[in-house]
Every structure is written in C-alpha cells, then in structure tokens.
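Asks: The structure is given below, and queries will be raised subsequently.
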Amino acid sequence: MNEATLILEDGSRFYGYSFGAEHCTNGEVVFNTAMTGYTESLTDPSYAGQMIVLTYPLAGNYGVPGSSFWESGRIYAKALIVSDYSESYSHWNAEESLGDWLKRENVPAITGIDTRALAKRLRERGVMCGKIEIEGTDNTQLSVEYGSVNYVAEVSCKEVIHYNAGGLKKVLLVDCGVKQNIIRCLLKRGVEVIRVPWNYDFNNMEYDGLLLSNGPGNPDNCPRTVEHIRCAMRGDKPIFGICMGNQLLAKAGGASVYKLKYGHRSHNQPVRHLGSDRCFITSQNHGYAVDDNTLGQDWEPLFVNMNDGSNEGIRHKGKPWFSVQFHPEAAAGPTDTEFLFDEFLKML
Amino acid sequence: MGRYNVKKALILGSGALKIGEAGEFDYSGSQALKALKEEGIETVLINPNIATVQTSKGIADHIYFLPVTPYFAEKVIEKERPDSIFLSFGGQTALNCGVELYRKGVLERYGVKVLGTQVQAIIDTEDREKFVGRLDEIGVKTISSQAVENLQDARNAARELGYPVIIRVAYALGGLGSGFCNNEQELDLLCEKAFSFSPQVLVEKSLKGWKEIEYEVVRDSYDNCITVCNMENFDPLGIHTGESIVIAPSQTLSNSEYHKLRELAIRIIRHIGIVGECNVQYALDPYSEDYRVIEVNARLSRSSALASKATGYPLAFVAAKLGLGYGLFDLKNSVTKSTSAFFEPALDYVVCKIPRWDLGKFHGVERVLGSSMKSVGEVMSIGRTFEEAIQKGLRMIGQGMHGFVENKELVIEDIEKSLSEPTDIRIFVVSSALRSGYSVEMIHNLTKIDKWFLYKLQNIIDTSMQLHCISELEQMPESLMKKAKRQGFSDFQIARAIGFDEDLERGALKVRALRKLHGILPVVSRIDTLAAEYPAQTNYLYLTYSGIESDVEYKDDHNSVVVLGSGAYRIGSSVEFDWCGVQALNTIRKEGFRSVMINYNPETVSTDYDICDRLYFDELSFERVMDILEFENPYGVILSAGGQIPNNLAMRLDGQNVHILGTSAVSIDNAEDRDKFSAMLDRIGVDQPEWSALTSMKDIYDFIGKVGFPVLVRPSYVLSGAAMNVCSNYGELESFLKLAANVSKKHPVVVSRFIENAKEVEFDAVARNGEIMAYAISEHIEYAGVHSGDATIQFPPQKLYMETVRRIKHISRKIAGELSISGPFNIQFLARDNDIKVIECNLRASRSFPFVSKILKLNLMELATRIMLGIDVEKPSKTLFDLDYVGIKASQFSFNRLQNADPVLGVDMVSTGEVGCIGDDTQSALLKSMLSVGYDIPGKNILLSTGNARQKAEMLPAARQLRDKGYTLYATGGTSRYLTENGVDNVLVFWPSENGHPQALDMLHNREVDMVVNIPKNLTAGELDNGYIIRRAAVDLNIPLITNARLASAFIGAFCTLAADDLEIKSWAEYGNDID
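Keeping their order, the protein sequence lines are chains A and B.
Letter by letter, the first sequence follows residues 0 to 347 of numbering that gives the first Met the number 0.
Letter by letter, the second sequence follows residues 0 to 1075 of numbering that gives the first Met the number 0.
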C-alpha cells in the first residue's frame, strides 16, 4: 500500500496508507460515528463533496454487496478515511472488497489514521476542508469552498422519473439527492412516486402529497426549490420533508438555517417528540440545522435533539406539513421512525 | 423516591459465585443499590455472599447474610416490611426466588410491589411454550422446540424435529443440564439429568453453525427503547455463549442485518413488557438474513455486565432508575454528564471477551465445550484492531499464554478432530492449524468460525512469520515493529519471535528500549460512549497502539496511587479480591490521593469507572503496568489487594525502581520462594512440615523413607489433571507421578510430609513495619487435606486450645517482624495437639479478608491501605475475643456443570465461590451457610458410605443423631456392618459392582435418597471406582452430597438440633452491639 496523507485546512497532517483510488482529492472532512453501513453512507448523495471519517476503526469487514443494496447508483463521497481497513472480507452478499469497489469508483481512501484524534480535532475546531495526498501521484489540487458549491444540482436527477405508475396515491418526490431507501419505503407502501429534479417546477403536476428529500450541502443554494415549495404551500396538500427537506420546508415557511460546528452524522442521535414522552433513536447526516428561533408563528418544532437541543423537525400548526431533520428511512441506521412514512401517507 | 414514591426496597442478590452466575451480579446489584441510595430509598439486601462489594457497609441499609430462597426472603419481608422489591439484579437465583414469592402470594400478602419488569413478563420469557407463543403473536421466529415433561415425550419430540437436537432445562442458568444429542441414546442420558433439575425440558432443533448474536435492550415505562450494545460470538451456535469468545460490536453483520435484529429486539421487549434491561439472543443464518430468537433474559445478565463495561453505559444503574418510574429522557448519560441517557453508545474500539476455564483442576472432567457452561471467569480486552484486542485478551486469561502466537507449543495429536470438537484450548488449536498450513477455508469448514475472524488471525500469523525472519533486534524495521504492536504483540512475543533464547524477560526489556527509542508507544484512550462526538471527562481508559495522541493530560503531581487488580476470576481468586481492591481504592480517595485501578475483569465492581479516579481497563502484564506507570508517574503502587497476579510482578517492578507501597518486593520474594522462606523459618526457629524438592525417583523414595507416608506431592510441570496430590502408599505415588509428568532435573517434584488429622488455622492480619496491628484467627471445620479455599471456616475459632492460639500469635509476630511486613498478610498453620507448623505465608490480602473483616466489623483492608499509604494508624482495640456471634464461611461447588468430574475435595481447590453467614451460635451459622450453598435439610432418607475405619468412627455420633431424629439410614457394606455393630439400625444397600438389592445407584435414580454422605477412603481421587459412580450420580441427579466426615458431622449435628424455623432472622448490624 502506498503512503497517503490527509492534510486539514488548519495544517494538521495525518499519515496512513492508501487503499482506494490512487489520486489526490479534497473536500469537506466530516466524521461519522456509526458502526455499520459504509456502503450506504458512501452511496448517500448527501455526502457529495465530503470526505467521510469513520470513528469506528474496523472497516470493510463485510465487503460490498451489489448495487441493489446501495443508496444510489454510485459513490458520492469524495474519500473514505478509516483506522483499520480489512482487506479480507466475509459476507454472503458481498461481491467485492471495499477497497476494490472504491478503486473501481475512482474514490481515494486512507487506512491507518487515528480517526479518534481526527474526530476530536473536527469536534474542537469545527468541520473543515482537507486534502488527501498519495505518495507517487500528482498531488496538485485546487482548494474548494464546500459551502458555496451547489451539490444538490450535481446529484439530483436530471429528468422526471415515474415509479409504480397507477399506485393508490401519487407522491411527488423532489429529488435534492434522494436516498434510494426513501423511494423503497414509499414503494413498499403501494404508492406511485413521481421523482422530479431539485429545480423542477412541479406545481402544475397532479399529486396527492409532496415529499422533500435529503440532499448535500448548503440549503441556501436551493432558492428555486424553496420558491416552488412556497408555491405549493398556497394549497393544502400534505408535505413531508426529510433532512435537507426539513431545512427547505423551514426556509419556505420563513425560518433560517445555520451551519452546525461539526454536524450530526451517526446512528445514535436521540430525538424527543415535543409534547410527549416519546423518544427515538435516529440516523442522521447533516451539517446544517433549522434555527428554532426563526420559525414563523404558524410553525412549531416537532422533534428536538436530546443531546444538544437543536431542531430535529417542524410542523405547521394548521396544515398537514411536517418535516424531520433525521432519516426515517434509515439505511444506514436504526429503523425506529419509519412509521413517519405511514403517518405521511395517512394524510394523503 | 422516584416517580412511584418507593420508600423501602428489597433487593435479592445471587448468592455464592458459581459457574453461570458469578461476579457480574455483584456489579449489577451494587449499581442498583447506588441508584436507589441516590434517591433516598431505604434498601434491604439478601445475599449470603459475604465477599461481595454489595454486602459492604454503606451500600445497602440492611444486609442479610441469608440464603436467597423463598423461605428466607419471606422471613425478611415479614420483618422489614419493604414496600417494593427488585428481582432482576441477582441473576437466575433472584429471579427464581421472586417468581416463587409471587406464586405463593407472599408479595401480595405483604403488599410488596415488584419494580421493573413484572413477574408475568418474567414467566413469559422463562416458560418456553409461553415464550414461543408470545413471539408468534408478533411474528418473530423462534427455534422450533417442544416442551416435554417426560422421557417418552422427549423421544417423540426429537424424532419429530429430527436429530441433532438440543436438550434444555427450563428455569435454569448457564445452560445447566443442557446439551446436544445426535441420537436417542444420547437423548435418554441427558433427559434423565435434565428432569432432575426441572419438571420441564425442552427439545429443540439444533442450528449448529449459525452465527450467535446478542442485543442488550432497555425500555422505560413510557415505551421508549434503546439497544445499548450488540455482540457477536466468535464461536458459532453450538457453544454456550458463556463459553464463547464474544466480540462487541458485531463484526460480520451488514447494516441491514444489524438493524433488522435490533428492530426485532425492540419489538420483542415492547411486546413482553420489559421495564429495565433485557437480553435477546439470536441465531443468524450465515448465508441469508434468516434468524431465530434463541432466548430472552428478562433480567440483568452476564452479557449485560459485559455490555456495560464494553460501552460505558451503566445498564444496572439505569435499569434501577427505570424501575422507579423514570423515563430514559429523565436521565443523563453518566459518562458525558451532559447528553441524554436515551441514546445508543457508539464505540470507536473493539472489545473481546474471552472465557477462563479451570478444567485442569478437575479429575476426569469432560473438556469438550458445548451448550452448557463450564468457564469460571472471563476477561475483556479493548483495542482498535481485532488483532490487538484478541492478543491482549489471550494474555489476560492468565494461563501462561502470551497472545495468539509465540506460546509454548501445545501437543495436539489430531488437529482436525480438535478443530471440529472444540475444547477449552480451541483458539490455540486454530493458531496451531494456521501455522501448520491449514487454510482459512479449511479451518472455517471444520469450525464454522466466520472467515473474517480467521483472516484476522491469519494476519497475526503473517506478522509473526515476518518477525521470525529477523535475527537481530537492531535489524528490525520500524514499520514492522509498529505493525506488530498495532496487532497486539507484546514485547515478550517479539523477543521470542526474533529468538532471544537465553533470557526472554531481558529480551523483552531490550525490545521495549528499542521501540521507545523509535517513539513507538501506546496512547491512552477514553471510553466515552459517543466516539468522541461530544467532549467527555470520563476516566474510563484503555491503551492502544492505533493512536497518535492520548486523551488524558497528566498532571505529574505524584499524587496518584495505583492499585493492581486481580484479573479474571478463577478457582482460587475471585470476588474477594475485588472487594479488597475496592476497599483500597476507597481508602486512597478518602486519604486525599487520586485512586487508579488497573484491571480487566468485566464481572467486577473495581472496574466500574466511578469507583476510582482513573480506571485502566487493561492488562496486568509487566509491560502494560510499566506503560501505565510511565504515564501516571504515581506516588506508589499497591500490589497486595489483587491476589497472586500483582504479587508475581513484585520483583520485576522493583527492578525498574517502581515505588511499591507496603511490604518490600524482597520480602515478598522471601515469602514466595519456597527455599528462601523455608530457610528463614529454620533461622527464626519456626516449625514447618518436612519437605524437599527432588529430581529423581530414588531421592523421592529416600525422602519418604525418612518422613513416611502420607506425603503431599507437587510436580512443577503437569501435563493434565491436578497440580498436587496426597499419596498414601507407593502405588498411589507412582501412578500419580506417571499421570503428572516425569521427574527430572528440569522438573523437580516437591514432596512434603502430610500430617493427618491436623487442624488448619488461618491467620489474616495487618502489620506495620513488622508489627502486627490487627489480626483474625479462623479455624477450618475439615481437617488439613482439604484446600483452604474449599474448607468450611469458622470465625472466631470455636474449638482451638488457648495454647494453640497463643503459639500462633507468637509465630506470626516473629514472621511479620522478620519480613518487616507493612500491609495485609496471611499465614496458614497446621495444628495438632499444640504442635504448630507453618504451611505457607502470603504477603498480600487473602481470600478470607472480606469474611473476617465483615464478621469482626473491622475493615482490615482499609487499615492495611492506610498503613501502606504511610498514614499514622492506631491499633484497633477490637479483637475476635469480643465477638458474641459466629461466622461460617462455606464453599460453593459447581460440579453439576462439570460433566464427569469427581466431586471430591482435596489439596487442590475446586470450589467456585463461597458464602459467609452469621449466627448466634455455630450451628445456626453453619446451617444458614450450608442452606446458602444449595443444601437442603434432607427429608427422610440418607445414604451413608463413610470411608475408612477412623472416618466411620468419626461419623458414628452423627449417624446416631440422624437415627434419633427419625431418618432412615441406608448404608453400603462396610458402613452398614459398622453401624449395626454399634447399634444403629440401617438398611444395607449395594455398590454398583456388587450383586444384590437394593442397589444404591437405583435408589438415587428413583429419588429415594434425600442426601448422600460418601467419604472417599483416601485422598487419591480419579479412578472410576464405586464411590465415584455414586458421587457423580448424586451430583447429576441434584441430590445433596457431602464427601467430608467432619463437615458431614457438623451439618448433621446442625440440622438435627435446629429446624429452619429456629434460625434467627437478623441483619448484619444486629449482630454485636451496632445500632442498626
């Protein structure tokens, strides 16, 4: 294995070995504390532009299954950074090793990094950009400004896609970088899904409910989507937002979002349903959050993060509009809140 | 008080440590009591296990050293009138007792509310048929099985399910009485045993080879659920989880599998209605996502203790709070103190649990592992690579292994057979197989161990090979050294691999020096429950080589005191040393020092991170202890609280100028080295049994010619079987030595004169600069020849001459002075008439320290710690002569789990635990303690075979007492004749080798006998003689058995004099003049 180095914006360097594609890369460095689910995370479009650090040290154990298990058609993350990559893998549905897959998808990866120390650095100084250099390759790279790139435009579908035509109800899915499991969760409930690009004006289309998907990067880069949502909000059709969908719905309702110091990326985020004693463990992946203080009068927080008190969802006081910051579709992560899809579909 | 306004709660403990139910319940009980205390709830604890931390002063308000049985629990409820009871913190013992109390209406009668999981939910999980039914209701799959109540039904069920099947016993712990059957013959055999433990037996389809996965789940009364941890067994289904190496978190499960099983666990716990903690075990098909639920434990378990330690999530503490009506959202994560207790820990390390067996101690025991548990303890190792964790763990189990490789080569005759029939050395068989060229594929086929684990083990082998190619340390590439350390190689392993043949310890020091030169050092990492996501000030630490920076900043103020713990529980060293360690830590804190613990046993209280200021959950090897001391730079180190493991490090630590507090390393060596100690005794004029270390048979015969038989023989190298034995004649001597090993220059045999009919006396004491400050003298009920760890001990002594006591004190003073002891120590004496001999002396706390401290109500360990810290202490005024009550310590045996082992007592220790009960007189204390270790007052019929002439005579008064009490006595040939001659009516029964009726064995099988007294004629055990068959049958059929004449007489005397009703129900504080 070739030596590889991760260089953070603040100049700190972490030394390891390359086990993915052998080229230099850069991106926003974010850490994820989940203990399983590297396949799902790497193919999650919300990770576009980001290099994923796994704090759980062992990676690659169960190899990589075929694409039907993925969250999209390819790897979106810019790189994978781990402590102890397992070249040999063992699983009944694995088709190749994690390293081979990363190479095939042209994504660099480093092993041998003290990912705990790295996570601590990111926790203390906030997320920052970084660069991976690999011994013996061309290591010149232009630096990136993560927050200003419209990753949603990069990952969203380019045209309208129909699923399960003739299903009981029609769900219009605004694809800001949708994870496949959101679509699976809808389809297995028997509805028709119409998936439209992030900037598509869907207001002339026929549908029963609107689903705002997850997506990468800064929600402030999607003013057109917000406009379309505002337009939809002139009617009474149910709206359900997930992750970035939560932020876009909040923005459409007049609230603002801010960037968290180092985001929530894990499978163990506790959220409490406001006004009840019900709590849920959720899967999360977001760097921006809705500012509760800016919610309009007609809106109220729906869920709150039990660790840091940040917003985890909102709902309209009168209309059937709600959204969550976490991922009820899981994949990867706990499935405790999948019932939210049922609640949404009940409204249609 | 909690939300339910609880004022007074009763907690049931788990009693003596036994296989399947050990120290983990001291830990969970202690945590629960802490949680209740925080709420201002008055607590009552029933637990006869006197060596535990939970039965120490200040943990519970009222402590009863009484059996955890419905009878005694009712008596305590009647007296204390608690408003609530917890059933889930005392293992299966407490659970069973609680279910009985509920069924008998006791709880209702006294208005006692069950906190946490309700009894009906417990019954739903324990009764197999109900359990399957309940899970069917929510579409969760279980293993097809049938509950049967007789042998014929069992046969039918097995035929229907198809062999192989597993037999399981309902309401049993640790797989007691269970096993695999490949055919009807095996089924018949197992079923008979199984039905002796329980009226219900389960016949279950075997899923051998599936993955075994566990989840620890928590639920509050608001229906909020979390899974705190999942764990994967290294050994697939077929080996009891207590016998398996276990990894946390799971390693070979995909996200989808992980969360599928997690979701099922939550669905189950909700449906059954658990409040608190529960454990769900699954079988998972290695070739699909198909699964079966194996079982659900509606209580804290061994796995939950492990999960607590593996994640830092205090399961028992939280479960207790939830039982009081709190929601998870009310509670804080006790590690971060700022985030919520409603969360699931994220690990950034891997944890490995490895069982510790002591099968070598048992004659004839079955070594093949299966569905029933035999291990006596466990270790938990933490690392950031699997290789690091497993190699650490294999060192921790303390059986002379240095890791996965570089061990003394095992002789394995048939590797293939050994791979497919796992024994206690299975992991080392895998090591041998890999080294002799077996591929991962082949080993997987033979063992069904997941290939991922085998690949990782192969990595260790590959690195070992690379190390073997290095001939000079100086030629070692830095990268290889780094890699080896990251894979958990010790300096010693590296030294051995590169061929430091002469002195490996010196070689290891050279490796250490070189890697330090290159800056290859471990880092100290925190276990913070959230993988660094939030800052945490936890002091729960481990060391790893996969890191570039430590989480801890050291003050270098020289104000910490490091206590070395006792490691894995094993026969001879268990919860009592945990108690000692905790007392030392408490005292260190109280005196203003920072307390630091090093230990790696997940079943202990000393590894609870809030018991000390810093906990290093890591190895007690010389290398690791030095690493930690270099970080800590402490004021000093205490070795004497942790049993033998720390003491063995004394000289080497001293060699590195470590400041050892208390008695000096040289003195420790002078007491431990047989030659030096013996010479010292001669010098100060103290008598000892004659002994000699001999290297040829001729020398042995010459020695015996001088001292005569019997002799105690201790080979220094043993192939298998017990380490020492008493031999009464040449035949026994020769057969034992042949069994043990050949006698040679390299392996001398220590032969000592064995003194018969001598009393054995324990002297536990604390000294300062050679002056004894406090002491306790206790007396064995059995004559010498029964290991002090197996003997029944009375304190204060009841039948010693004053002269004997005086002489013992005099000799002890001399020894303490000569070794200038500062701290705890123990001397064992033989006393016959007033002739006193010293057997051994340990310059550390002994097994009996908690017992005598609690009976005397003088904490010897606290006193000793203060002395070691250099604090001025006054001589306590209290002595054993002030006591107006008696304490009896009785031993718990686990022979029922050790198939084929001969349940006799000898010079090698075989008990797995102990209890200590207090009574107004000896008989009351003895009866309580015997009832606590599983004996019953027998109903009607007693079977006697009372050994040789002397033992027969000794048993005669007891036989008369039995007769007078109306018992029917059955006796074998010689005993029957002897009793008849002495006018004691009895019924003659026949040995298995004799013709004639009634047959003793038949009577046992027909349950016509309520107690067996079987005294072996001599102390050479092992052969499959008549006595063995009877003893083993008694154990297998769950019929109380006593094999020692002195103990049998004492017990018979007690239950013939006192009825259960006569036993006083008094709390610890009510004995003596304390105010409760």
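Cβ atoms here follow ideal geometry from the backbone N, Cα and C, with glycine treated the same way.
Looking at C-beta atoms only, is the number of pairs between the segment 247 to 255 of chain B and the segment 313 to 331 of chain B that lie closer than 8 Å three or more?
Replies: Result no; under three Cβ-Cβ pairs closer than 8 Å.
Asks: Residue 421 of chain B: which of B/235, B/277, B/733 sits nearest, CA to CA?
Replies: As a first step, residue 421 of chain B must be located in the second sequence, where it is residue number 422. Measuring from the Cα of residue 421 of chain B, the nearest candidate turns out to be B/235.
Asks: Buried or exposed, going by whether 16 or more other CB atoms sit within 10 Å of the CB of residue 1104 of chain B?
Replies: Only positions 0 to 1075 of chain B appear in this structure, which leaves residue 1104 of chain B out of reach.
Asks: Count the other C-beta atoms from every protein chain shown that fall within 10 angstroms of the C-beta of residue 655 of chain B, then say buried if there are 16 or more, exposed otherwise.
Replies: Residue 655 of chain B sits at position 656 when you count from the first residue of the second sequence. Residue 655 of chain B is exposed by the Cβ-count criterion.
Asks: Who are residue 78 of chain A's beta bridge partners in DSSP?
Replies: Position 79 of the first sequence, counted from the start, is the residue given in the question as residue 78 of chain A. Looking at the DSSP assignment, residue 78 of chain A forms a beta bridge with A/50.
Asks: Helix or strand or just coil, what does DSSP make of residue 474 of chain B?
Replies: In the second sequence, counting from the first residue as 1, residue 474 of chain B sits at position 475. It is helical.
Asks: Given residue 36 of chain A, which residues of its chain have a CB within under 8 Å of its CB, disregarding the five upstream and five downstream residues?
Replies: For the purposes of this step, residue 36 of chain A is taken as residue 37 along the first sequence, with counting starting at 1. Cβ neighbours of residue 36 of chain A beyond the five flanking positions: 266, 330, 331, 332.
Asks: Output yes if chain B places a C-beta closer than 7 Å to the C-beta of residue 0 of chain A; else output no.
Replies: By 1-based counting over the first sequence, the position of residue 0 of chain A is 1. Residue 0 of chain A does not count as touching chain B.
Asks: Can you have a look at residue 211 of chain B and say buried or exposed, based on whether 16 or more other CB atoms are within 10 angstroms of its CB?
Replies: Numbered from 1 along the second sequence, position 212 holds the residue referred to as residue 211 of chain B. Answer is buried; the Cβ neighbour count reaches 16.
Asks: In the DSSP assignment, what are the bridge partners of residue 763 of chain B?
Replies: Indexing the second sequence from 1 puts residue 763 of chain B at position 764. Per DSSP, B/775, B/825.
Asks: Looking at the secondary structure, which residues open and close the alpha helix (DSSP H) in which residue 392 of chain B lies?
Replies: Stepping through the second sequence from its first residue, residue 392 of chain B is reached at position 393. Start and end: 385 to 395.
Asks: For residue 352 of chain A and residue 184 of chain A, what's the separation of their Cα atoms in angstroms?
Replies: In this structure chain A extends from 0 to 347, so residue 352 of chain A is not present and cannot be described.
Asks: For a cutoff of 7 Å on Cβ pairs, would you count residue 91 of chain A as touching chain B?
Replies: Along the first sequence, read from residue 1 onward, the residue named residue 91 of chain A stands at position 92. Answer yes: the Cβ-Cβ gap between residue 91 of chain A and chain B drops below 7 Å somewhere.
Asks: So residue 116 of chain B and residue 87 of chain B are supposed to be a Cβ contact under 8 Å. How far apart are they, rounded?
Replies: For the purposes of this step, residue 116 of chain B is taken as residue 117 along the second sequence, with counting starting at 1. For the purposes of this step, residue 87 of chain B is taken as residue 88 along the second sequence, with counting starting at 1. Their Cβ separation, rounded to whole angstroms, is 6 Å, which keeps residue 116 of chain B and residue 87 of chain B in contact under 8 Å.
Asks: So which of B/471, B/761, B/74 has the shortest CA-CA distance to residue 1066 of chain B?
Replies: By one-based count along the second sequence, residue 1066 of chain B stands at place 1067. The option with the nearest alpha carbon to residue 1066 of chain B is B/74.
Asks: What residue ranges within the segment 105 to 192 of chain B form continuous beta strand (DSSP E) runs of no fewer than 3 residues, ordered along the chain?
Replies: DSSP runs (the beta strand (DSSP E)) wholly in the segment 105 to 192 of chain B: 112 to 114, 144 to 147, 164 to 168, 178 to 180.
Asks: CA-CA distance, residue 94 of chain A and residue 286 of chain A?
Replies: Stepping through the first sequence from its first residue, residue 94 of chain A is reached at position 95. Stepping through the first sequence from its first residue, residue 286 of chain A is reached at position 287. Near 32 Å, if we compare the C-alpha coordinates of residue 286 of chain A and residue 94 of chain A.
Asks: When the Cα atoms are used, what is the spatial distance from residue 1037 of chain B to residue 195 of chain B?
Replies: By one-based count along the second sequence, residue 1037 of chain B stands at place 1038. By one-based count along the second sequence, residue 195 of chain B stands at place 196. If you take the alpha carbons of residue 1037 of chain B and residue 195 of chain B, they lie about 6 Å apart.
Asks: So that I know if they touch, is there some Cβ in chain A lying closer than 7 Å to that of residue 233 of chain B?
Replies: On the second sequence, residue 233 of chain B is found 234 positions in, with the first residue counted as 1. By this cut-off, residue 233 of chain B is not an interface position.
Asks: Among the candidates A/191, A/222, A/91, whose CA atom is the shortest distance from the CA of residue 1084 of chain B?
Replies: In the structure as shown, chain B begins at 0 and stops at 1075. Residue 1084 of chain B is therefore absent and cannot be evaluated.
Asks: Within the continuous beta strand (DSSP E) that includes residue 290 of chain B, where are the two ends?
Replies: As a first step, residue 290 of chain B must be located in the second sequence, where it is residue number 291. Element bounds for residue 290 of chain B: 290 to 296.
Asks: Once DSSP output is grouped into helix, strand and coil, what is the label at residue 1079 of chain B?
Replies: Shown here, chain B extends from 0 to 1075; a query on residue 1079 of chain B therefore has no answer.
Asks: Using DSSP with H/G/I as helix, E/B as strand and the rest coil, what is residue 1070 of chain B?
Replies: Position 1071 of the second sequence, counted from the start, is the residue given in the question as residue 1070 of chain B. Three-state result, residue 1070 of chain B: coil.
Asks: How long is the line joining the alpha carbons of residue 311 of chain B and residue 435 of chain B, rounded to whole angstroms?
Replies: For the purposes of this step, residue 311 of chain B is taken as the residue at position 312 of the second sequence. For the purposes of this step, residue 435 of chain B is taken as the residue at position 436 of the second sequence. One C-alpha to the other measures close to 40 Å.
Asks: So with Cβ pairs under 7 Å, would you call residue 55 of chain A a contact of chain B?
Replies: The residue labelled residue 55 of chain A in the question sits at position 56 within the first sequence. Yes, contact with chain B.
Asks: Rounded to a whole number of angstroms, what is the C-alpha to C-alpha distance between residue 996 of chain B and residue 57 of chain B?
Replies: As a working note, residue 996 of chain B is residue 997 in the second sequence. As a working note, residue 57 of chain B is residue 58 in the second sequence. Going by the C-alpha atoms only, they are around 58 Å apart.
Asks: Leaving out five residues on either side along the sequence, give the residues of the same chain with a beta carbon under 6 Å from the beta carbon of residue 347 of chain B.
Replies: Residue 347 of chain B sits at position 348 when you count from the first residue of the second sequence. Excluding positions up to five away in sequence, the list reads 530.
Asks: What is the C-beta distance between residue 146 of chain B and residue 127 of chain B, in whole angstroms, given that I count them as a contact (C-beta under 8 Å)?
Replies: Locating residue 146 of chain B in the second sequence gives position 147, where the first residue counts as 1. Locating residue 127 of chain B in the second sequence gives position 128, where the first residue counts as 1. Between residue 127 of chain B and residue 146 of chain B the Cβ distance is about 5 Å, and since that is below 8 Å, they are a contact.
Asks: Using three-state DSSP, classify residue 221 of chain A as helix, strand or coil.
Replies: Within the first sequence, residue 221 of chain A is the residue found at index 222, counting from 1. Three-state DSSP puts residue 221 of chain A in coil, outside helix and strand.
Asks: Does the contact criterion of 3 or more C-beta pairs under 8 Å hold for the segment 222 to 238 of chain A versus the segment 309 to 322 of chain A?
Replies: Touching, yes, given that three or more Cβ pairs across the two stretches are closer than 8 Å.
Asks: Counting only the same chain and skipping the five closest in sequence on each side, list residues whose C-beta sits under 7 Å from that of residue 572 of chain B.
Replies: Taking the second sequence and counting its residues from 1, the one referred to as residue 572 of chain B is at position 573. If we look at residue 572 of chain B and ignore the five residues flanking it on each side, its Cβ neighbours are 565, 642, 643.
Asks: Would DSSP call residue 356 of chain B helix, strand or coil?
Replies: Here the question's residue 356 of chain B lines up with position 357 in the second sequence. Coil, per DSSP.
Asks: Is there a Cβ from chain B that is less than 7 Å from the Cβ of residue 271 of chain A?
Replies: If you number the first sequence from 1, residue 271 of chain A lands on position 272. Yes, because at least one Cβ of chain B sits closer than 7 Å to the Cβ of residue 271 of chain A.
Asks: Can you tell me where the beta strand (DSSP E) with residue 272 of chain A in it begins and where it stops?
Replies: In the first sequence, residue 272 of chain A corresponds to position 273, counting from 1. It spans 256 to 272 - the beta strand (DSSP E) in which residue 272 of chain A sits, taken as one unbroken run.
Asks: Examine chain A for any beta-carbon lying closer than 7 Å to the beta-carbon of residue 338 of chain B, and answer yes or no.
Replies: Against the second sequence, residue 338 of chain B aligns to sequence position 339. Yes - at least one Cβ of chain A is within 7 Å of the one on residue 338 of chain B.
Asks: Does the segment 263 to 271 of chain B come into contact with the segment 95 to 110 of chain B, if we say contact requires no fewer than three beta-carbon pairs (one atom in each stretch) closer than 8 Å?
Replies: As far as the Cβ criterion goes, the segment 263 to 271 of chain B does not touch the segment 95 to 110 of chain B, which means the pair count is below three.
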